[in-house]
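Peer 1: When the letters of the sequence shown are read in order and numbered with the numbering used here, they come out as residues 53 to 628.
Positions of the beta carbon are idealized from the N, C-alpha and C atoms, including for glycine.
My questions all concern the structure below.
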Amino acid sequence: MSDQTFLILLATVVGVVVGGGTYVFERMLEYAGLIFWTVLPSLGGNRTLWLLITPCIGALFLAPFIRFFPKDATTDGVPATMEAVALRNGFMRWPSSFLRMIMSSLTLGSGGSAGSEGPIIQIGSALASGVGQFFRVSGNRLRVIVACGASAGLASIFNAPIAGVLFALEVVLGEFNVQSFSPIVISSVVATAFSRAHISHGQAIHTMTYHPGSMWEIVFYALMGVVAGTVAVIFVRILAWTEGFFEKRIHLHRALKPAVGALGVGAIGLFYPQVFGYSYTPIYEAVTGQFSLVMLAVLVGMKILATAFTLGSGGSGGILCPSLFIGAMLGGACGQVFQAAFPHMVTDAGAYAIVGMGAMLGAVVQAPMTAIIMVFELTNEYTVILPMMASCILATLVQKTILNGSIYTLSLSRKGIDIDAGREIGILSSLRVRDIMDEHFTAVPPGASYESVLRKCLTGTSNYLYVVDDDNRLEGVISFSDLKEFVFEEGLKDLVLARDLANQNLVCVTPDESLASSLNKFSFIDMEQLPVVDRLDGKIEMKGVITRNQLLRAYRQEMLKRVVSQDQRQPRQPLY
């Protein structure tokens with residue numbers, strides 16, 4: 053059996069498994085919503101009070117999971133999947149998928165302002181990784197299988213198979229090739245078919261048929277794209293700031309922090325209940341023009357805040373549904389403004405709400421093709437594809453120009469993980485200079501004569517001498533090429549001292565610096581080693597040296613360690 057055939061068969065299995073996982077997750081969300089919004093209020097009490105505290109009650113149920121399973125409970129959503137694919141060849145702890153189902157059901161079922169797609173992508177990826185491990189798949193093939201799980205999860209939860217494929221390629225893998233494409237398509241198709249057979253899927257957002265107005269209307273859609281990109285920047289920054297605020301300023305055990313954020317969601321929901329949960333109903337109301345301009349504008353801000361409270365405090369959920377909500381409200385508001393200003397050119401403000409969904413989603417996740425196709429599959433509205441393409445691309449460019457990354461990559465970069473640099477740089481970033489530096493180096497005092505410096509260079513094992521004073525302060529570095537200039541200068545040799553020979557334009561590294569940063573510095577200088585220093589009170593204290601060969605050797609050893617570690621998890625030979 054060929055490798056590609058095996059991958060496609062495995063992708064089929066993944067599609068069935070993830071489709072089943074989606075069915076279970078949907079039922080859990082349904083029952084959680086029933087308990088929190090029907091059973092609990094039926095016990096009596098003030099309805100207003102229930103609106104305020106219901107999200108908080110759901111968040112409190114998260115506390116035991118965060119307290120007793122901190123590792124699995126705090127690795128959430130799409131970034132966790134991207135990290136696994138880029139840095140661990142797709143290895144994920146598949147039992148964590150069940151914990152994620154429970155936590156996300158509690159968060160979303162109690163009214164948390166987030167989406168169901170982030171959890172199901174992580175759940176699908178973890179289940180797919182488990183399938184791959186069971187069949188002893190490793191290396192790049194496991195990465196592809198995990199991407200199949202992500203594609204299947206998104207496709208089945210949104211009933212959007214094409215968007216699922218594009219998301220896996222654009223966001224999770226970050227690359228497109230034929231070997232990956234075929235199994236990802238198969239898993240998406242199988243999971244969607246399974247989901248349609250067992251879950252009542254209709255058109256997610258019902259719309260009217262829109263008729264394009266003037267050809268100049270494309271200009272308004274382009275302007276809206278710029279606005280959407282700007283709002284996406286605000287959304288991402290507020291979410292990042294909220295995460296930092298809860299991490300550094302809220303002095304509670306992290307298991308209790310989601311309850312504090314949920315209290316904020318409840319306070320907003322008292323006045324704007326549309327922000328609760330992940331329902332498409334408010335989006336439908338925006339598309340069909342049931343909200344006023346003021347209401348649309350207010351809901352943009354309130355949804356941003358509610359989502360920041362939910363996810364920034366540690367709640368479990370995704371970002372796609374909130375992005376669609378914010379985009380629909382923003383697009384509807386822009387449409388009403390343009391229609392009021394140019395009534396003969398703008399035919400229907402509702403079309404702007406649909407286009408706004410794609411523009412906001414594309415900007416936030418930096419995946420314009422996924423956004424365009426997803427909105428089309430959700431609405432089945434083809435007539436707005438052309439303006440959506442223009443608006444979505446412009447929104448994505450605006451956000452990328454300002455932030456230079458998606459909400460996922462920026463979240464990972466705050467943890468010191470550079471996904472865009474690839475798996476190799478990720479490995480180098482995980483290692484520090486102190487791990488490989490050599491504390492033995494050849495030093496000479498600043499007042500050493502030319503003859504003694506030359507003798508040390510000829511008898512030593514290194515082509516570099518470091519000029520270090522009695523306090524171990526580095527004053528410069530001397531290379532063999534620096535000495536050659538004075539070999540035939542008999543009259544000068546007796547006058548030249550080590551400090552005169554030293555190159556004082558130093559490029560140094562510190563013990564805490566990553567090997568990725570060190571490699572970058574090597575690329576700008578023509579030296580085989582760099583001094584390792586500590587900077588204290590303006591002084592440069594010499595600690596050791598690091599060479600190019602040491603750096604590359606450390607990279608190869610770490611790569612080998614990871615491969616061996618993965619092989620130990622999968623000790624048996626492949627079945628095919």
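(1) Could you name the residues of the same chain whose beta carbon sits closer than 8 Å to that of residue 601, not counting the 5 residues immediately before and after it, in chain order?
(2) Does the beta-carbon distance from residue 172 to residue 63 come in below 8 Å?
(3) Could you give the C-beta distance for residue 592 and residue 525, rounded to a whole number, given that I count them as a contact under 8 Å?
(4) May I have the straight-line CA-CA distance separating residue 563 from residue 507, to the nearest angstrom?
(5) Which value, in whole angstroms, describes the spacing of the CA atoms of residue 625 and residue 251?
(6) Which two residues bound the contiguous beta strand (DSSP E) that contains residue 596?
(7) I need the straight-line Cα distance from residue 77 to residue 608, nearest angstrom please.
(8) Looking at chain C, is there any beta carbon in it that lies within less than 8 Å of the beta carbon of residue 357?
(9) From the DSSP secondary-structure annotation, give me the bridge partner or partners of residue 518.
(10) At which residues does the alpha helix (DSSP H) containing residue 345 begin and terminate?
(11) Can you list, in chain order, the stretches of the alpha helix (DSSP H) that have 4 or more residues and sit fully within the region 261–332?
(12) Using the Cβ count rule (16 or more neighbours within 10 Å means buried), how would you classify residue 400?
(13) How many whole angstroms separate the CB atoms of residue 459 and residue 606, which I take to be in contact at a CB cut-off of 8 Å?
(14) Assuming contact is defined by CB atoms lying nearer than 8 Å, are residue 594 and residue 518 in contact in what I supplied?
(15) Taking DSSP as the reference, what is the three-state secondary structure of residue 624?
(16) Expressed to the nearest angstrom, what Euclidean distance is found between the alpha-carbon atoms of residue 229 and residue 205?
(17) Does the distance from the CB of residue 218 to the CB of residue 422 come in under 8 Å?
(18) Using a Cβ-Cβ cutoff of less than 6 Å, which residues in the same chain neighbour residue 444 once the five nearest sequence positions on both sides are dropped?
(19) Please determine, among 373, 283, 157, 281, the residue with the shortest C-alpha to C-alpha distance to residue 166.
(20) With residue 162 and residue 216 assumed to form a contact (beta carbons below 8 Å), what rounded beta-carbon distance in angstroms separates them?
(21) Going straight from the alpha carbon of residue 210 to that of residue 430, what length do you get?
(22) Name, in chain order, the residues that DSSP records as bridge partners for residue 561.
(23) If you draw a straight line from the C-alpha of residue 632 to the C-alpha of residue 89, how long is it?
(24) What do you get for residue 195, buried or exposed, if any count of 16 or more other CB atoms within 10 angstroms of its CB means buried?
(25) Please name the residue or residues paired with residue 490 in a DSSP beta bridge.
(26) Do you know how far the Cα of residue 371 is from the Cα of residue 60?
(27) Output needed for residue 635: all residues of its chain with C-beta closer than 6 Å, excluding positions within five of it in sequence on either side, in chain order.
(28) DSSP state of residue 618, grouped into three classes?
(29) How many angstroms separate the CA atom of residue 387 from the CA atom of residue 441?
Peer 2: So, to answer that:
(1) So the qualifying residues of the chain are 580.
(2) Going by C-beta atoms, residue 172 is not nearer than 8 Å to residue 63.
(3) Between the beta-carbon of residue 592 and that of residue 525 there is about 6 Å, and that keeps the pair under the 8 Å contact cut.
(4) About 30 Å.
(5) Below a pLDDT of 50, predicted positions are generally treated as unreliable, and residue 625, at 40, falls in that range; the measurement from the model is reported next regardless. Annotation: residue 625 to residue 251 spans about 38 Å, alpha carbon to alpha carbon.
(6) It spans 591–599 - the beta strand (DSSP E) in which residue 596 sits, taken as one unbroken run.
(7) Rounded to whole angstroms, residue 77 to residue 608 spans 41 Å at the Cα level.
(8) Here chain C cannot be found, since the structure has a single protein chain.
(9) For residue 518, which the question treats as bridged, DSSP gives the partners 495, 529.
(10) Where residue 345 is concerned, the enclosing alpha helix (DSSP H) stretches over 345–364.
(11) Taking 4 residues as the shortest admissible run, the region 261–332 contains the following complete alpha helix (DSSP H) segments, listed from N- to C-terminal end: 269–300, 309–323.
(12) By the 10 Å Cβ count, residue 400 comes out buried.
(13) Rounded, the Cβ-Cβ distance is 32 Å, inconsistent with contact.
(14) For the 8 Å CB-CB criterion, residue 594 and residue 518 form a contact.
(15) With a pLDDT of 42 at residue 624, under the threshold of 50, the modelled position of this residue cannot be trusted; read the value that follows with caution. Coil at residue 624, not helix or strand.
(16) Computed Cα separation, rounded: 21 Å.
(17) In contact: residue 218 and residue 422 (Cβ atoms closer than 8 Å).
(18) The beta carbon of residue 444 is closer than 6 Å to those of 410, 411, 414, 420, 423, 424 in its chain, skipping five residues each way along the sequence.
(19) The shortest C-alpha to C-alpha distance from residue 166 to any of 373, 283, 157, 281 is the one to 373.
(20) In this structure residue 162 does not touch residue 216 by the C-beta definition: roughly 27 Å separates them, more than the 8 Å allowed.
(21) Rounded to the nearest whole angstrom, the CA to CA distance from residue 210 to residue 430 is 7 Å.
(22) Answer by DSSP bridge pairing, in chain order: 584.
(23) This structure gives no information on residue 632, because the portion of the chain shown stretches from 53 to 628.
(24) With at least 16 other beta carbons inside 10 angstroms of its own, residue 195 counts as buried.
(25) In the DSSP secondary-structure assignment, residue 490 is bridged to 597.
(26) Computed Cα separation, rounded: 30 Å.
(27) The first residue shown for the chain is 53 and the last is 628, placing residue 635 beyond what the model contains.
(28) Because residue 618 carries a pLDDT of 43, less than 50, the predicted location of this residue cannot be relied on, and no value is offered for it.
(29) Per the coordinates, the alpha-carbon of residue 387 lies some 17 Å from the alpha-carbon of residue 441.
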